[in-house]
Each structure stands twice: as structure tokens, then as C-alpha cells.
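Numbering of the sequence shown is given in my numbering, commencing with residue 385 and proceeding in unit increments. Cβ atoms here follow ideal geometry from the backbone N, Cα and C, with glycine treated the same way. Notes to accompany the following structure.
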Amino acid sequence: MSIKPSPLAVLALSLMFVAGSVAAADPKITAEQVKDNIYMLQGGGGNVGLFIGKDGTFLIDDKFAPMSAAILAQIKKLGGDTPKYLLNTHFHGDHTGGNQNFGQQGAIIISHDNVRKRLQQGSYIAAFDMKTPPAQAPALPVITFAQNIHLHLNGDNVSAIHIPSAHTDGDSIIHFKKANVIHTGDTFFNGFYPFIDAANGGTVKGMIAAADTILALANDQTKIIPGHGPLANKADLQSFRDMLATAYKSLSALKSQGLNADQAVQKKPLAALDAQWGKGFMGTDKWIKVVYPAVD
Ligand SMILES: [Zn+2]
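Right, dumping it as C-alpha cells:
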């Protein structure tokens, strides 16, 4: 089923987008060293992973389009160059907005099959009433995969592992085997309730499965770059996984009693989790409404 927002909503969103672009005209991009030549870039949008080395600069996600120049400036400051490879963890605009810019500069864009498909078709995110028009080359991934893909560069073996139906239907987590670093994409929001895009194939069960997959690859020394939030470790991810499992149990019980999302909110089912998890970009009531369709 596709949902179309009213023309007025589209207009309001376009204005918001323009306003957002203006506000982000001089974005600040900060870099944090994760391990050796692997960095996390922050400053609006999803967390970017950066791997610099003799075989070329490898970028994971690219925030919004107006941030490309600041991202590139930060890469060069760290000794890297225009990205040779760019991997999209999923299709959302706060992770793929720079594709056009980096694709134009020659980056080879890589993603799961469904990321290319959703970028090509254009998308609508019901939870935030956010519409993205279809993308054209060079913003589209040119190498896509159905399960996993492996890159062998800069002295490490890097695997992108597809997790079905988690945050969306096209998520990958990126595992740097030698460096012991994992970029989770948006299967992990460190410290607050995550967005789960039910309208584009996301499920709470899949998010829990993603956490389990990452936990199985990690040890106490693993550095974890979450899709949003500060750099994390295995214990942070474990606590996020436990929160999701608790929320799933409460919400699926209400759903099986036949309650709709508004009725579920009234029951205050996540009161025990709110203090720790409800201080991010979504408070508990909003979060329940957003994830309820993703509880099956
Ligand atoms: Zn996302």
C-alpha cells in the first residue's frame, strides 16, 4: 500500500527541507578516531564511517547533500582523499543524501539490492510524513548484493552483512574483521529509542535479530559505530537489545489484545524504560505510535 500526503503537507515539507538546507549550509563535521585509520564523522544526519588507506578512501553513508563539502574537507584533513568506495547501510536520506555529490566525484556506490530499488523509486516515510523523489545516476548504487559482500582493502577484510526486515528491508551492518570495528547502520541507536520504518519493511523482531548478529561478532574490545548517537561498545548494544526485547513483549501483548496504537499509548506500557530511553528525538508516546506497526 502506498500512502500519499496531501499537497499541503508536501508543500510544508518542501519548505522545511529548504529551510533545513539553508540551516545546514555551513555544517560542522567532527571526526572521532575509532581505531587506526577508521573514523566516525558526526554533525547532523547519520553517523558516517571512514576508512583511509593506500587502496583508497572508503566511506560508509554520507549524511545530507549540503554536508558533502564539509565531509570531504574532514576526510582530507585526516589524510584521505575523494572516496573511492561508498557503502550505503540503508536508503534513508540522512544516510544517502550525499550520494549524488560523491557519485559525481567518482565514488563507486555499493548497497543491498533494496537500497538501490528504494532510491530509484523514490520513497515515502509515513512516520515522519517525509517524501523523497526518485534518485538518478550518479546517486544510485552501481554494485548491489542480496546477502553479503566483502571488500578487501587497506589491510583489512570488510564485510557488509544484510539483516532482513530490521530498520528497513535493506539494512547492512559493516564488519571490519582485523580492526574489530562494526558500523551498525540504523539497526542501533545508541542511548535512545530507535526509528523503525515499518512502511519500508522494518520490524522490531528484525532489529533484535540485528543486535544478536552484531553481539555474536563482537567482544569487549569491539568498537561499535551506531547509526545515531555516540560511539558504543558491546555492553551499550546489549542494553539496547534488552530494551527492544522488553518493549516488544509489552507491545505485542497489547496488540494481541486488539488495542490500536493510541489505546496502547494510554496504557503507559513502557514506563519502566522511559527514563533511560525516552530522551532522544522521540519521546515514549511518539515512539510507541511509530513502532507499533513494526510489532508482529
Ligand atoms: Zn534510517
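On the DSSP bridge list, what partners appear for Gly433?
Note: Gly433 is bridge-paired with Met424, Ile444 in the DSSP secondary-structure output.
Any heavy atom of ligand 1 inside 7 Å of the beta-carbon of Asp570?
yes
Within 7 Å: the Cβ of Ala567 and any heavy atom of ligand 1?
The sequence given here places His at residue 567; Ala does not occur at that position. No, the beta carbon of His567 sits no closer than 7 Å to any heavy atom of ligand 1.
As assigned by DSSP and simplified to three states, the class of Asp540
DSSP places Asp540 within a strand segment (E or B) once states are collapsed to three.
If you draw a straight line from the C-alpha of Phe576 to the C-alpha of Ala655, how long is it?
14 Å
How would you call Ala511, buried or exposed, if buried means at least 16 neighbouring beta carbons within 10 angstroms?
buried
For Asn584, count neighbouring C-beta atoms within 10 Å of its own C-beta (all shown protein chains included) and say buried if the count is 16 or more, exposed if not.
buried
If we ignore side chains and look at the alpha-carbon of each, how far apart do Ile609 and Gln484 end up?
24 Å
Three-state secondary structure (DSSP) of Asn485
Assignment of Asn485 by DSSP, reduced to helix, strand and coil, places it in the helix class.
Local Cβ density within 10 Å of Pro525, reported as buried at 16 or more and exposed below that:
buried
Tell me, please, whether the CB atom of Gly575 is closer than 8 Å to any CB atom in chain C?
Considering every chain present, this structure includes no chain C. It has just one protein chain.
Could you tell me the distance, in whole angstroms, from the CA atom of Met666 to the CA atom of Ile672?
9 Å
Please classify Ile598 as buried or exposed, where buried requires at least 16 neighbouring CB atoms within 10 angstroms.
buried
Can you look up Leu399 in the DSSP assignment and give me helix, strand or coil?
Any answer about Leu399 is weak, because its pLDDT of 32 lies below 50 and its placement is not dependable; what the coordinates show is given next. DSSP places Leu399 in helix when its eight states are reduced to three.
Would the beta-carbon of Gly645 fall within 8 Å of that of Met591?
The displayed chain sequence assigns Ala, not Gly, to residue 645. In this structure, Met591 does not lie closer than 8 Å to Ala645 by Cβ.
Could you check what DSSP says for Ser634 in three-state terms: helix, strand or coil?
helix
Just to confirm the assignment, what range does the alpha helix (DSSP H) spanning Met451 have?
Counting along the chain, Met451 falls outside any alpha helix (DSSP H), and DSSP gives it neither H nor E.
Below 8 Å, how does it come out for the region 539–555 and the region 463–479: are there three or more Cβ pairs, yes or no?
yes
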